[in-house]
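Let me begin by presenting the structure, written as structure tokens, before commenting on it.
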Amino acid sequence: MDHHSILRVVSKLLIPPIIVYALYVQWHGDFGPGGGFQAGVIFAVAFILYGLVFGVEAMTEVLPTSVIRVAMSLGVLIYAGTGFYALLVGHNFLDYESIGHGGHHAQEWGILLVELGVGITVASVMIGIFVAFASRTPKLKDEDW
Amino acid sequence: MQEVVLDLEFIIGHYNYWLFVILMMTGLYITVSRGNLIKKVVGLNLFQTSVFMLYISMGKIEGGTAPILTGDPNTVYSNPLPHVLILTAIVVGIATTALALALVVRIGEEFGSIEEDELIEIEHELDFAEESAEASPVPGQGDANKGEPGGK
Amino acid sequence: MMTGISLAAIVNVLLFTFLVMTAIAIVRVRHLFAVAMLSGVFSLLSAGLFVALDAVDVAFTEAAVGAGISTVLMLGTMALTVTREKTTKRSPVLPVFVCVVTGAALVYSTLDMPAFGTAQAPIHEHVAPDYIARTPDDIGVPNIVTGILASYRGYDTLGETTVIFTAAVAVILLLGSFSRKKQKRTDKE
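Laid out in structure tokens, this is it:
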């Protein structure tokens, strides 16, 4: 897509606000609408936009496939790890009472940790699926659409 | 339940369910009648979204607000449970859609077609080739037939 | 009161009309690029309907996932396969019959359902008020949906996250792009 200069400039302008918005949705999920699922998807959209406009090769230089693979499992590990941490310090699985000072404080931190795990997994899964589709050689040219 | 009275009030209270059923059946129709595999996936998505809408509409309370605490004890909140169910269902739905589309891509690459009618024909040809290979004693012929599944 | 109800009803009826029109267009159009775009439109319209039905979290997710990611994936699939649907020789009588019968059964079952928006419906009488009443004391976060999702039902959400992870592993195994790219690079060298 080298000849679409308007697309290139506009998407370059759009990508930073998209990432900032994704982080806002991630960390404000317990106060307003939002949370790990939505934030992960929005975060992934920023990278997918970059990949669509500048090519998958350019995107995988910013975010190598090895990183995507590790992040995919890291998110699940953070989630399950929160559960096992509670188990190890003598509470039930995923009982947030064990984190921090207990009470609301513990719940806030537990939710933040768990949502972080969800966010990382969803974002890297979406980017990974996009890379898997886009790095196959397409049959079509620009005009065929 | 007692006998159903089809008055205006009843219709206004239920027309949204009927519209969801219409949308659902449109999705089902696309899935059943269209031969193209991508179109079938779109039909499944349509069906899925209609089911989501049915669930969410059951959780709505007249005069209620979104289930985010306002601090006012008199606020009526819509039912948050369907929202939680559907929220996760949407994300799992996109994951399964991606898997279905990946299968479509592989089918397209392997057989050279993603139309159901053509795929069934190719499958018949393959079965026939296998049977004739088993019947004939010539060695190596069966392997040669299996080697080119996308002959079309 | 009267104007409030009618305004909400007008918005709902408009959204419904657009949804049905989009669905019919998806049935009729054969150009798959248009089908992918129309399914994105359908998702966006349903997100609008979710906002009208108070499900802001769901609307958010549907707008991001349905209108964003799934359209991109469909276009990616099209780029790797075909862009046009072929006409099928089969008659549409049987599918129409199946849909009409199933639809009639579903409509018949909705006759027993409580009217839209009634606060006394069975769905609002059991655990839901309990969650709403206890969330401020138990969890202390304003968004009840997040409270249930990540704390009360945290175990379920762990399962969902694992499902998504598994699906991604399956897609990568099927399309095998991650290792294939390395091969290409070494070929070039």
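Residue numbers (our numbering), protein chains in the order written: chain Z, 1 to 145; chain R, 1001 to 1152; chain X, 2001 to 2189. Glycine included, every Cβ here is placed at the ideal spot set by N, Cα and C. Treat the numbers as computed from the prediction; the structure is a model and nothing was measured.
Residues near residue i in its chain [Cβ-Cβ closer than 8 Å; skip 5 each side]
i       : result
R:I1090 : F1052
X:T2087 : R2030
Z:H4    : V53
Z:L77   : G117
R:I1030 : K1039, K1040, V1042, G1043 and L1046
X:D2137 : none
Chain-ordered neighbours of residue i on chain Z, where CB pairs are closer than 7 Å
i       : result
R:L1087 : F37
X:F2060 : P33, G34 and Q38
X:G2154 : L94 and V114
Where the alpha helix (DSSP H) containing residue i begins and where it ends
i       : result
R:I1022 : L1008 to S1033
Z:M72   : T65 to L88
Z:I19   : S5 to W27
Z:F47   : G36 to F54
C-beta neighbour in chain X for residue i, strict 8 Å
i       : result
R:H1124 : no
R:Y1017 : yes
Z:V53   : no
Z:S67   : Just to set this straight, residue 67 of chain Z is Val in the shown sequence, not Ser. No, because no Cβ of chain X sits closer than 8 Å to the Cβ of Z:V67.
R:V1051 : no
Z:S73   : yes
Interface flag, residue i vs chain Z, CB-CB below 8 Å
i       : result
X:L2080 : yes
X:V2220 : Past the boundaries of the shown model lies residue 2220 of chain X; chain X is included only from 2001 to 2189, so the question cannot be answered.
R:A1098 : yes
X:A2168 : yes
R:V1091 : yes
X:F2165 : yes
X:D2057 : yes
Residues near residue i by beta carbon distance below 7 Å, same chain, minus five either side
i       : result
R:I1012 : none
Z:L94   : T82, G83 and A86
Z:I15   : A46, L49 and Y50
R:Q1048 : G1093
X:G2147 : T2135, I2139 and V2141
X:V2041 : T2022
Contacts of residue i in chain X (Cβ-Cβ under 8 Å)
i       : result
Z:L111  : The question names Leu, but residue 111 of chain Z is Ile in the sequence shown. Within chain X, the residues near Z:I111 are I2139, V2141, T2146, G2147, A2150 and S2151.
R:S1057 : L2053 and F2116
R:E1131 : Within 8 Å Cβ-Cβ: nothing; R:E1131 doesn't reach chain X, min ~26 Å.
Z:E108  : G2140 and V2141
Residues near residue i in its chain [Cβ-Cβ closer than 6 Å; skip 5 each side]
i       : result
Z:Y96   : A106, Q107 and G110
Z:G119  : Q26, G36, A39 and G40
X:A2074 : Reading off the sequence, residue 2074 of chain X comes out as Met, not Ala. A2036.
Closer than 7 Å: residue i CB and nearest the ligand COA heavy atom
i      : result
Z:T121 : Of ligands this structure carries none, so the ligand COA is not represented either.
Within chain R, the residues that residue i reaches when beta carbons sit closer than 8 Å
i       : result
Z:G32   : I1068
X:Y2131 : P1080 and L1081
Contact set between residue i and chain X, taken where Cβ atoms lie within less than 9 Å
i       : result
R:D1117 : K2086, T2088, K2089 and R2090
Min CB distance residue i to chain R below 8 Å
i       : result
Z:V114  : no
X:E2125 : no
Z:I129  : yes
X:V2011 : no
X:L2158 : no
X:F2050 : yes
X:F2018 : no
X:F2042 : yes
For residue i, three-class secondary structure by DSSP
i       : result
X:H2031 : strand
X:N2012 : helix
R:T1097 : helix
R:T1065 : strand
R:N1079 : coil
X:K2182 : Low local confidence applies: a pLDDT of 49 at X:K2182 is under 50, so the model's placement there is unreliable, and no value is given.
Z:W97   : First, the residue type needs correcting, since residue 97 of chain Z is Glu and not Trp in the sequence shown. Here Z:E97 sits in helix by DSSP.
X:E2160 : helix
X:R2153 : coil
X:N2143 : strand
R:N1036 : strand
Z:R136  : coil
X:D2057 : helix
Z:E115  : helix
R:E1130 : helix
R:E1125 : helix
R:E1115 : strand
R:K1152 : No answer about R:K1152 holds up, because its pLDDT of 38 lies below 50 and its placement is not dependable.
X:R2090 : coil
Per-residue contacts from residue i into chain R (C-beta, under 9 Å)
i       : result
X:H2031 : Residues of chain R passing the Cβ test: none, with the nearest at roughly 11 Å.
Proximal chain R residues relative to residue i, where beta-carbon distance stays under 7 Å
i       : result
Z:V122  : V1091
X:L2174 : A1102, L1103 and R1106
Residues that residue i contacts on chain X, provided the C-beta gap is smaller than 7 Å
i      : result
Z:M126 : I2069
Under 8 Å from the C-beta of residue i: neighbouring residues of chain Z
i       : result
X:A2064 : Q38, V41, I42 and V45
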